[in-house]
Each structure stands twice: as C-alpha cells, then as structure tokens.
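Structure record follows, encoded as structure tokens.
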Amino acid sequence: MRVLESGTYILGNEVVSFERAFADYCGVAHAVGVGSGTDALMLALKALGIGPGDEVITVSHTAVATVAAILATGAAPVLVDIDATYYTIDPARIEEAVTPRSKAIIAVHLYGQAADMDAIVAIGKRRGLRIVEDCAQAAGGRYHDLRVGSIGDVACFSFYPTKNLGAIGDGGMVVTADAELASRVRRLRQYGWDEVRQTREIGLNSRLDPLQAAILGVKLPHLDADNVRRAAIANRYQQALGDLPLTLPTARQQATHVYHLYVVGCDDRDGLMAHLAIHKIGSAMHYPVPVHCQNGYAQHVIVPKNGLPVTAELADRILSLPIYPELSDFEVDRVIESVRGFHKSLRQP
Numbered sequence: 090m091r092v093l094e095s096g097t098y099i100l101g102n103e104v105v106s107f108e109r110a111f112a113d114y115c116g117v118a119h120a121v122g123v124g125s126g127t128d129a130l131m132l133a134l135k136a137l138g139i140g141p142g143d144e145v146i147t148v149s150h151t152a153v154a155t156v157a158a159i160l161a162t163g164a165a166p167v168l169v170d171i172d173a174t175y176y177t178i179d180p181a182r183i184e185e186a187v188t189p190r191s192k193a194i195i196a197v198h199l200y201g202q203a204a205d206m207d208a209i210v211a212i213g214k215r216r217g218l219r220i221v222e223d224c225a226q227a228a229g230g231r232y233h234d235l236r237v238g239s240i241g242d243v244a245c246f247s248f249y250p251t252k253n254l255g256a257i258g259d260g261g262m263v264v265t266a267d268a269e270l271a272s273r274v275r276r277l278r279q280y281g282w283d284e285v286r287q288t289r290e291i292g293l294n295s296r297l298d299p300l301q302a303a304i305l306g307v308k309l310p311h312l313d314a315d316n317v318r319r320a321a322i323a324n325r326y327q328q329a330l331g332d333l334p335l336t337l338p339t340a341r342q343q344a345t346h347v348y349h350l351y352v353v354g355c356d357d358r359d360g361l362m363a364h365l366a367i368h369k370i371g372s373a374m375h376y377p378v379p380v381h382c383q384n385g386y387a388q389h390v391i392v393p394k395n396g397l398p399v400t401a402e403l404a405d406r407i408l409s410l411p412i413y414p415e416l417s418d419f420e421v422d423r424v425i426e427s428v429r430g431f432h433k434s435l436r437q438p
C-alpha cells in the first residue's frame, strides 16, 4: 500500500532503500536494482566494457541465463568443466582456457555454495581478468568471512521467486565496491541516461520494480534465518541418507553453504524420481542438459576439444530433493522415508 499510495511506480525511494539495505547486507558500497538476474549479469559485463570479440570463461553446468547474458553482450562464452566434488568451476580448467581475447571469469556459486574464490581471484590477478560472481543461487552465503558478492569485481543476484531471497516476480541486483562501475550500471539500466536524461552510451530498460523492492526489503531481514533452516534440513538429509548409494553434497570447509538446492547423485536417477512422484514428492534436475549441448546455444559457445567429461557425467545422475524454509520436519521425514524405500526395493529379489 505504501508503494501504491506513493504515486511512484518506477524506481524511486523503495528501490533506493532496498539497494542500500542489500549493499550493506553484502558488505559492499553499491547496489543497483535491475529487472532480472540475467539482466544483472549482462549489464555487469557491459559495464566492464565486455563486448564483441571478447571471451568470458564460465561453466556449462549452470542455468542457461549465465551463458545467455554473455551472448547478449556480443562476447563469446568459453565453457570449462567443473570439479567433481563441489560442482563449481574448476580453476585448473580456467587456466587452460585463457586466450588473448579473455576478459572475464563468471564464477557461478552453484546450489548455494561459493566457487573456489581464492584460486579464481588469484588467476584473475595473474592473467588480468575481471571476476564476476554469479550469486543467483547463493544469497546470504559466505566464503571465509566474506559474503558472496563482495569478493570479485562485481556480483549479480537474482530475485526470482524460488531463490533464497525471492520476490513475487522477476528482479535482480548488481553489487560492487567500484563507484564508477556502479554508476555505469545505473546508466545502462535506463537507456544510457545520466542524471539529466542525456545518453552517454546505448543502454536498455531494466529496472527493479518498486513493488518487488518493497517486498524484498521486508524479506531481507529473514534471509539468514531462512538459510539456517535450509542448512538444518540439509543436515537431516545428510544424516539419514549417508548410508545409501547416493552422492550427497559436499560443503567447502571455507564456505557457508546456503542450500538453494539439495542435489544428490544417483545411478538410477529416473527411477528415484518416478518413485518420489508416486509418493507425491516433487523433485527436479538442475541441470539435465548442459548449456553446450542445447540446440539454441551449442553453435555459439566454445568448449575444449576433449569436451566436458565431469559435466556430462553429472548431468545423467543429479536429482534435487525438496528443500525450502517452510518444509516441515514431518515433510522432510517423508522425503527421507521415500528415498530409503526406493533403495530398499532395489535390494529385494
């Protein structure tokens, strides 16, 4: 009602207030609200000066949005493999992919866990590459004592409804400690306008809606508690499913995992998924088809000659079990019982 009665329905004080609160939460100086997480990535890359002829290194095991944003700038996505333990970008593969055209690395903090930022930042400094954090799945997570989003040159968040901090529609945020970079993102999100609506460069229309900002502002103070609940559910899964022939998530010792998703590996993934469905338990695959194997993107990305073997193997095994703060202990027990029941049935003659 405050937004509706304000008469300001594009940007305005609600967006400014949430930008300040979110910047403080992340431990950075600047936050710029935009229309979506995808737009956040694209605008961040454009603000870094990345465009046609440039290459951006990232992973194929991610939401399509990561790669779509690179292509939207005119740059070429160079997709490398993930490590087999944490499923985030493998720093050794980054080194192999660097060329004179490389300009940036997008480190995807996957499933709620930070990538190996010590190694990635070191590579960036050594090779002159900018570091973009894709924090869409990791709002509230930490790496050492730092919030994700405060480690690289710039970071991008999604407020899609299913995210740890979700709106009731689309929304995104670019955060950075660099005042000049933040100022450029602010111009680019509105056609390239400056303070007096004069354009310095070509931009687009991508603004965080004030209704969404107001809702996110209410939800932000509850994010840490919600993430604690997610971790508690994950711990119950770890304890109850650890003796089964499943690959359970491994948390980095130096990171705080916020479990946007709880992803297991299963040799009979489709069978387990069908069994859960019979018991009216939802599950999903994140992600069943790597980006470089999808028809719309395969011809527009660069991959190593030997392919992405870890990514390929993982895509055939992964399954996401239910995890969200509102999930009750009773419902968690139902999931556990169903997963254990499936494996028990496999052992019966």
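The opening residue of the sequence shown carries number 90 in my numbering; numbering runs sequentially from there.
All C-beta atoms, glycine included, are put in the ideal place defined by N, C-alpha and C.
Problem set entry | Distance between GLU222 and VAL117 (C-alpha atoms, nearest Å) | Cα to Cα, VAL117 sits roughly 13 Å from GLU222.
Problem set entry | Residue(s) in a DSSP beta bridge with PRO310 | PRO310 is not bridged to any residue.
Exercise. Taking all protein chains shown into account, do 16 or more other C-beta atoms lie within 10 angstroms of the C-beta of PRO379, making it buried, or fewer, making it exposed?
Worked result: Label assigned to PRO379: buried.
Exercise. How many Å lie between LEU350 and ARG318 at the Cα?
Worked result: Computed Cα separation, rounded: 13 Å.
Exercise. With burial defined as no fewer than 16 other Cβ atoms inside 10 Å of the residue's Cβ, what is the status of TYR98: buried or exposed?
Worked result: With fewer than 16 other Cβ atoms inside 10 Å of its own Cβ, TYR98 counts as exposed.
Problem set entry | Among ILE367, ARG276 and SER417, the one whose alpha carbon lies nearest that of ASP315 | It is SER417 whose Cα lies nearest to the Cα of ASP315.
Exercise. Between ARG296 and the rest of its own chain, which residues show a CB-CB distance below 8 Å, the 5 nearest in sequence each way excluded?
Worked result: Excluding five sequence positions before and after ARG296, the CB atoms of its chain that fall closer than 8 Å to its own CB belong to ILE99, LEU100, VAL104, GLY122, VAL123, GLY124, ARG278 and GLN279, given in chain order.
Exercise. Do LEU410 and VAL353 come within 8 Å of each other at the CB atom, strictly closer than that value?
Worked result: Yes, the pair counts as a contact, with Cβ atoms nearer than the cut-off.
Exercise. For the alpha helix (DSSP H) that contains THR155, what are its first and last residues?
Worked result: DSSP places THR155 inside the alpha helix (DSSP H), whose first and last residues are 153-161.
Exercise. In this structure, does DSSP put CYS245 in helix, strand or coil?
Worked result: The three-state secondary structure of CYS245, taken from DSSP, is strand.
For this session: Might you give, ordered along the chain, the residues of its own chain that have their beta carbon closer than 8 Å to the beta carbon of PRO250, omitting 5 neighbours on each side?
Result: Excluding positions up to five away in sequence, the list reads ALA256, ILE257 and GLY258.
For this session: Tell whether a beta-carbon distance below 8 Å holds between PHE246 and GLY396.
Result: Cβ distance not < 8 Å, so PHE246 and GLY396 don't count as in contact.
Problem set entry | ASP223 - DSSP class collapsed to helix/strand/coil | Strand at ASP223.
Exercise. What residues in its chain sit with their C-beta under 8 Å from that of THR151, if we drop five residues either side in the sequence?
Worked result: These residues qualify, in order along the chain: VAL197, LEU199, ASP223, TYR376 and VAL380.
For this session: Check whether the stretch 178-197 touches the stretch 209-217, counting contact only when three or more Cβ pairs, one atom from each stretch, lie closer than 8 Å.
Result: Segments in contact, yes.
Problem set entry | Outcome for GLN342 when other beta-carbon atoms lying within 10 angstroms are tallied against a minimum of 16 | The residue is exposed, with fewer than 16 neighbouring Cβ atoms inside 10 Å.
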